[in-house]
Structure formats: structure tokens, C-alpha cells
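Position one of the sequence shown corresponds to residue 1498 (my numbering), numbered consecutively onward.
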Amino acid sequence: MPNTRTVRVHGIAPLSASGCLAVQGVLDNVNMNLPTVNINPTTQEVYAIVHATDARKALFTSGRGDTLELEMPLIDYPNSISELGESELFVKFSPELVPLWGVPLHHNSWLSGGGDIAFAADGSVYLAFGHSHYLDSLRIHSSDGSFVTIDPSVGSAQYPLMLIKYDPSGRHLWHVSLQGLTGKYVLKVAANGDLILSDEGRVRRLNSLGEELWVNGVTFTRDVELVPNGDIWAIGIQASTVPPLVRIGPDGTEQFVSPLIEQLPGPTGQIQFGDIRIDGDGLLASGFFKGRWVFGPDTLEYYPPAGLNYNASFLTRFNLQGIPQWAHRTEPSSVITHKGADLVEGRYYAMFRALGVVALEDGTSIDQGIDGYHLFSADADGSDPALDVVYSAPSFLTGLGTMETDIRYDPGSEELCMMMTVSDEGPFQVGDLALIPATPFERNNNLAIVKGPIGCFTSGTPTTPYSYFQTPTGTCANAPFILQDASSQEPTTWAWSMPGAVPDVSTEEAPEISYALPGTYTVTLTASNANGTGTTYTSDLVIDVCTAISNGTTAGMLLSPVPADEGLWIDASSFAGAAYHVVDMTGRHLLQGILLHRTYLTTAALPTGCYMVVMDGPSGRHSMRFLVAH
1498 MPNTRTVRVH GIAPLSASGC LAVQGVLDNV NMNLPTVNIN PTTQEVYAIV HATDARKALF
1558 TSGRGDTLEL EMPLIDYPNS ISELGESELF VKFSPELVPL WGVPLHHNSW LSGGGDIAFA
1618 ADGSVYLAFG HSHYLDSLRI HSSDGSFVTI DPSVGSAQYP LMLIKYDPSG RHLWHVSLQG
1678 LTGKYVLKVA ANGDLILSDE GRVRRLNSLG EELWVNGVTF TRDVELVPNG DIWAIGIQAS
1738 TVPPLVRIGP DGTEQFVSPL IEQLPGPTGQ IQFGDIRIDG DGLLASGFFK GRWVFGPDTL
1798 EYYPPAGLNY NASFLTRFNL QGIPQWAHRT EPSSVITHKG ADLVEGRYYA MFRALGVVAL
1858 EDGTSIDQGI DGYHLFSADA DGSDPALDVV YSAPSFLTGL GTMETDIRYD PGSEELCMMM
1918 TVSDEGPFQV GDLALIPATP FERNNNLAIV KGPIGCFTSG TPTTPYSYFQ TPTGTCANAP
1978 FILQDASSQE PTTWAWSMPG AVPDVSTEEA PEISYALPGT YTVTLTASNA NGTGTTYTSD
2038 LVIDVCTAIS NGTTAGMLLS PVPADEGLWI DASSFAGAAY HVVDMTGRHL LQGILLHRTY
2098 LTTAALPTGC YMVVMDGPSG RHSMRFLVAH
């Protein structure tokens, strides 16, 4: 049997048979859409944006049971016409998809486009999105509870494009407001730290302070990509004409425009490119089309059934002179929209939404089911095209919020990350994870972020283990305890490293260890199977002295009400982001989590008595005593 955990959180298997991790989000709101996700290539931490309409609350729950609840503040600034309005939720997760912090970017009017996330060399993160109508204000929140309000730029008929920089802890550093067009926004970081920012009307270069260096007007830009020599490639999107591929020099000078492809005569014709990715001496691209189009040596043709606005999907490659080298398409199908793409270990994967059966040119097919998403992939040289079902919904998806997803690949960790809004009916599958929608609020809109090796999204791919173990809590000095492997893909060997423990190394599946002294110790596991060595997972263990935790108060922290009955509020803005745990007077660990600037603990299940909340922050360990009385 696969050595996987069976714990479910809202129906998510936290670690699947192929190594996928998941975190589930649910929003108390009218609708959500345009999600964006990206992996920090240095830290492997995951950052995500999701747009929410009329949002009141949001709850994110990892497969390990860690939770983060956000409450949207009411709009109380000028130029607002409702109390809730629109929010972009910006959330950070650990490499294990544990939610760490989240902030709303709050405004009143409808957004004007999907955003993007990029990372600076110093660990800070850039965020770009079209925030609202030009007559609306915007409030930018930080994880410590502070915020800044931006007034509208009256007189401009274009939609403001916001560029914001945050530090890794969620603190707002600076922002700039630019004029952009509605649509997709793309953000890249050049080798020298400059920012390349594209909307569907132009490509910009800005320095690391957000100061604009140049602007190049490329009509209907869909995506941009950087090449090692500093050139920028931009691919256009137009409904019924040929979209240009434009090469722009590092100084903003347009070098050439390629027509890319040729449209042949026919009753109808439309093409939309989605994403481009650099691959050595070429560019891989994907999108959807109808009509007849010539891609170099290959001609693609698809006409939808009468009365239906369906499309066929395509993959293609251009050399760096803009000449098509090959193209593949799906057979007549019900592909509706393109949902992101990325290059994974020399193979190009593109996500599409579709209904029913989807087939390759050779007749190989998949059954997408009633509705959902699939991956259409091929090697960079055009060989071995394939289809894989990723998400099958139990009913037809309706509304913008159930039609959105994003995918990103991180070469460092060799993991693909997907974020998608999903149906509120279930159960259903994402990869090989079984999900059931959560319903903690009055209104419930669900999303999922899934991350792991490509094998957990494709069928029949041999996968090495995704190493993992549950971090023990309530462990005491000189008290033996067991470390239990919870890795995926049926590992057969284990390599444990536990400096300071007895023993300090082990090759057992579930070693029994102990520590002589209290403190924080690092434990590392690498599991392997017949396919090879898996990932390495590291976690810190806190070993306590299980008596005599110091009493006292801590500056900047307030507990109320005391004594507590059903619940306890922790007001600790100066400790936001710190880990906490609650212990009884024997030192047993009862609750744990991450502090927000205001955190609510449910104490209804705790017996009447004395307890301690203990925090581990940058300045060391702090504790405060409180009473529970029922």
C-alpha cells in the first residue's frame, strides 16, 4: 500500500499518491476570478492573488490542518459606493503550502485585468494588477494591519495599473500607479533587477524603484518573455487578425514584427495566443483557434458545430527569427479557453478548459467529463504530444469565477504549481487529489492550490517520493518519541538526519529518538524508491521543558477576555507572523498556529483551568498566562 497520510481537510488529501500537496481556500463572497500563482525560485515559497467580489471573509486550510482566516475591512474611504466592493487577496504560503499571511488590496469598482507576481533578488516580491476604474480609490494593506490609501487619478479614461512591492513578511514597501488597458498583465524581472511590465496595450521597462525607463506600444500584447541577451519578446492577441510576434531590444527599440502565421480563406477565423516561453533558440507558444491557419510546415483547421462558440487548442514553436517550426492541435472538440502554460523539463504544458471528449490529431483522446481542465503537452521539438485530465467538475461550470486557473513551474524544486477556482459541487478531482468543497460561511466559493512534481498531474509518469513527515508537538526533553514517515510514492528507503538527537541518524521508516536538552532542533528526511531519490524535507522540532513555563506579561500583546469561555482574542500586531502554541500547566501542547495582528482562539473544548500561550518570534520566546472558566 502507498505510504500516504489519510487525513482530510475539507476533503483534500494533503499528500497524494503521486506527491501533490494542496491548500484549499474558501471565500464568503459573490464571485472570484483571475487567480495568479508563482513560486519564489530561491525559497520555493508560493504567492497567490485572487480577485474577490463583495468579499467578507476568506479561509485557507493546508493539508496539514494549518489555517489562515482573513476578514475584509469595510470600505470607509472617499469615492466608495458600497461597504465591501472588490478585493485582490494577496496570500503567501510556505513550500509545504502552509498559509503564512494574507492581505487585501481593497477597492470599490470592478477590476480591469488579471495580475502577475515576480521576485527580486533580495527576497521581496512585486505584484502587478489592474485595480479598478479610474474614479475609484484603492487601499493597500500590510500584514501588520497598517495600510495606505491611494486617491483616483481623475481625468484619465484608462484603467490604472498598480505595481506594488512587498517585503517577505507582507509589509508594503512602495507602489506606483500607471495607465494601462484592460486584460492580462505580465511582470518579469530582468537580470539587472529592472522590471518588464506588459498590459494589453504596451510593454514598459522600470527600474527596481518603479521608475519608468521606457514604454513601447505593442497593440494587444498577451505575453512577454525575456531572452538571455536582454531582448524582450512580446506576442500579441487579436480576435480575427494575425497576432504579431515582436522583438524589442533592451532599450525599448522595436527590432522587428513577424506575422507569425497565415490565415487561409474560410467561413470563419479567429486565433488567440495565451503564453510564450523561451527554450534555447526558440519560443514555445499556445492558444486556441477556429478556421484555417498555416504554422510554417503545418496547417491547422477547425470549424465548430453550428451555433456553438467552441475552439480547438494548439501548441507551436517559433525560432528567434519568428518563423514557425511545428504546430499541433486538438481534434474538433469543445475547448473554450486557454488557462496558462509553462515549460517543464524540456516539455511544454498548456492548460485548457473543455467539455467532454478531447482528441489529438492521431485520435488519442481523453474524456474531460461534464466540464473541467486538461493539459495539452509536447516536447520542445514537437514530438510526443499528449493530453492529461487535471480537473473534472461534477457539473457545468458557470460564471467567471469557475473558469479561471494559473500554472507555474519552478526548475529549482522541479515542481509545478496550479491555482484554480473550482465548482461548489463535489466531490471532484484535481490531479490525483480528491476534493470536497468547504462551506464554513454564508456564501462559499472554493479554490485550490496544488503543487508537486509533474507526475501528480499526468497519468503513468514514474515519480520519486515527495518526502514528508508530520512534525511532532508536545515533545519534552529526555522523553522518547517516534518520527513517522508520511512520504508519497511508496518509499523503500529513508535517510533521516537529526543533529542533537539520540540517535542522530537513522534509516528506519519510523525511528524512535529523544533529545537531552530543550531547544529547537532541525530534522531532515530524504525518502527514495525504485524510481530514484526523492525530495528532501526539513522541519524544526521544539523540545520543551514540560514544567515551569515562566509567567508574566509581554509588551505589545493583549489577551481578552480573561477568563475566557468560548474563545480568546490575541491582539499582538508586533508579533504578527510569529508561531504560537498553547500549553497547559503540565507542558502539553494543545493548540498551535501563526499569529495575525489579531488572532482568535477557540477555547470551548479546553477544561476550566490555567493555560499559557507561547510565541516564538524574532526576539526570542515570549509567554502569557490565561484562564479558562466555563
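Using N, Cα and C, we set each Cβ at its ideal position, and we do this for glycine too.
Remember, it's a predicted structure, so these values are computed and weren't measured experimentally.
*Alpha carbon of residue 2128 to alpha carbon of residue 1762, nearest angstrom*: Given that the chain is displayed from residue 1498 to residue 2127, the structure contains no residue 2128 and the question cannot be resolved.
State the Cα-Cα distance for the pair residue 1590 and residue 1800, rounded to the nearest angstrom. Indexing the sequence shown from 1 puts residue 1590 at position 93. Indexing the sequence shown from 1 puts residue 1800 at position 303. Spanning the two alpha carbons is a distance of roughly 43 Å.
- Item | Straight-line gap, residue 1806 to residue 1786 (C-alpha atoms, nearest Å) | Here residue 1806 is taken as the residue at index 309 of the sequence shown, counted from 1. Here residue 1786 is taken as the residue at index 289 of the sequence shown, counted from 1. Distance between the alpha carbons of residue 1806 and residue 1786 is about 11 Å.
### The beta strand (DSSP E) enclosing residue 1780, as first and last residue numbers
By one-based count along the sequence shown, residue 1780 stands at place 283. 1779-1792 is the span of the beta strand (DSSP E), which, as asked, contains residue 1780.
| Cα-Cα, which of 1518, 1552, 1568, 1615 is closest to residue 1594? | Residue 1594 sits at position 97 when you count from the first residue of the sequence shown. Taking only the C-alpha atoms, the option nearest residue 1594 is 1518.
Out of curiosity, what's the CA-to-CA distance linking residue 1736 and residue 1725? By 1-based counting over the sequence shown, the position of residue 1736 is 239. By 1-based counting over the sequence shown, the position of residue 1725 is 228. In this predicted model, residue 1736 has a pLDDT of only 45, less than 50, meaning its place in the structure is not dependable; the value taken from the coordinates is given anyway. About 31 Å.
Exercise for review: Taking residue 1990 as part of the beta strand (DSSP E), name the residues at either end of that continuous run.
Suggested key: Within the sequence shown, the letter at position 493 stands for residue 1990. Boundaries of the beta strand (DSSP E) harbouring residue 1990: 1990-1994, taken from the DSSP string.
Give the DSSP bridge partners of residue 2119, in chain order.
In the sequence shown, the residue the question calls residue 2119 occupies position 622. Per DSSP, the beta-bridge partners of residue 2119 are 2112.
_Spatially closest choice to residue 1748 from 1704, 1840, 1822, 1999, by CA coordinates_ = Counted from its first residue, the sequence shown places residue 1748 at position 251. Nearest Cα to residue 1748 within the set 1704, 1840, 1822, 1999: 1704.
- prompt: DSSP state of residue 1954, grouped into three classes?
  reply: The sequence position of residue 1954 within the sequence shown is 457, counting from 1. In this structure, residue 1954 counts as coil in the three-state DSSP scheme.
Roughly how many angstroms lie between the CA atoms of residue 1815 and residue 1909, to the nearest whole one?
-> Against the sequence shown, residue 1815 aligns to sequence position 318. Against the sequence shown, residue 1909 aligns to sequence position 412. Near 26 Å, if we compare the C-alpha coordinates of residue 1909 and residue 1815.
Q.
Does the contact criterion of 3 or more C-beta pairs under 8 Å hold for the stretch 1843-1851 versus the stretch 1860-1869?
A. Between the stretch 1843-1851 and the stretch 1860-1869 there are three or more C-beta pairs closer than 8 Å, enough to call the two in contact.
Exercise for the section: Tell me whether residue 2128 is buried or exposed, calling it buried when 16 or more other Cβ atoms sit within 10 Å of its Cβ. Expected result: Beyond the ends of the chain as shown, which are 1498 and 2127, falls residue 2128; an answer cannot be given.
### Candidates 1695, 1671, 1686: closest to residue 1677 by CA position
Counted from its first residue, the sequence shown places residue 1677 at position 180. Comparing Cα positions, the closest option is 1695.
Q. From residue 2118 to residue 1825, what distance separates their C-alpha atoms?
A. Within the sequence shown, residue 2118 is the residue found at index 621, counting from 1. Within the sequence shown, residue 1825 is the residue found at index 328, counting from 1. C-alpha of residue 2118 to C-alpha of residue 1825: approximately 59 Å in a straight line.
What whole-angstrom Cβ distance do residue 1520 and residue 1596 have, given they're in contact under 8 Å?
By one-based count along the sequence shown, residue 1520 stands at place 23. By one-based count along the sequence shown, residue 1596 stands at place 99. Yes, they are in contact, since the Cβ atoms of residue 1520 and residue 1596 sit about 6 Å apart, within 8 Å.
Count the other C-beta atoms from every protein chain shown that fall within 10 angstroms of the C-beta of residue 1979, then say buried if there are 16 or more, exposed otherwise. Along the sequence shown, read from residue 1 onward, the residue named residue 1979 stands at position 482. Residue 1979 comes out exposed.
**Study point:** Sheet register partners of residue 1556 (DSSP bridge)
**Key:** Here residue 1556 is taken as the residue at index 59 of the sequence shown, counted from 1. DSSP lists 1523, 1566 as partners of residue 1556.
List the whole-angstrom C-beta distance separating residue 1732 from residue 1720, where the pair is believed to meet the contact cut-off of C-beta under 8 Å. The sequence position of residue 1732 within the sequence shown is 235, counting from 1. The sequence position of residue 1720 within the sequence shown is 223, counting from 1. Sure, about 5 Å apart at Cβ, within 8 Å.
Exercise. Would you say residue 1989 faces chain B, with C-beta separation under 7 Å as the test?
Worked result: Absent here is chain B; the protein component of the structure consists of one chain.
Using a Cβ-Cβ cut-off of 6 Å (strictly less than) and excluding sequence neighbours within five positions of residue 1712, which residues of its own chain qualify?
Translated into positions along the sequence shown, residue 1712 becomes position 215. Excluding sequence positions up to five before and after residue 1712, its CB lies within less than 6 Å of the CB of 1699, 1701, all in the same chain and listed in chain order.
*Kindly give me the distance between the Cβ atoms of residue 1954 and residue 1523, rounded to whole angstroms, as I take these residues to be in contact under 8 Å.*
The residue given as residue 1954 occupies position 457 in the sequence shown. The residue given as residue 1523 occupies position 26 in the sequence shown. Contact annotation, residue 1954 with residue 1523: C-beta distance approximately 23 Å; criterion of less than 8 Å not satisfied.
Open item on the list: Between the alpha carbons of residue 2057 and residue 2101, how many angstroms are there, rounded?
Closed with: Taking the first residue of the sequence shown as 1, we reach residue 2057 at position 560. Taking the first residue of the sequence shown as 1, we reach residue 2101 at position 604. Roughly 14 Å between the two C-alpha positions.
message: Measuring alpha carbon to alpha carbon, tell me which residue in 2033, 1613, 1878, 1592 is nearest residue 1586.
response: Numbered from 1 along the sequence shown, position 89 holds the residue referred to as residue 1586. When only C-alpha atoms are compared, the closest one is 1613.
So residue 2081 and residue 2108 are supposed to be a Cβ contact under 8 Å. How far apart are they, rounded? Within the sequence shown, residue 2081 is the residue found at index 584, counting from 1. Within the sequence shown, residue 2108 is the residue found at index 611, counting from 1. Cβ atoms of residue 2081 and residue 2108 come within 8 Å of each other, at about 6 Å.
inquiry  = Could you tell me the alpha carbon to alpha carbon distance between residue 1873 and residue 1846, rounded to whole angstroms?
reply    = Mapped onto the sequence shown, residue 1873 falls at position 376. Mapped onto the sequence shown, residue 1846 falls at position 349. When rounded, the distance between both Cα atoms is 6 Å.
Quiz item: By DSSP, does residue 2070 sit in helix, in strand, or in coil?
Solution: Working through the sequence shown from its first residue, we reach residue 2070 at position 573. Three-state DSSP puts residue 2070 in a helix.
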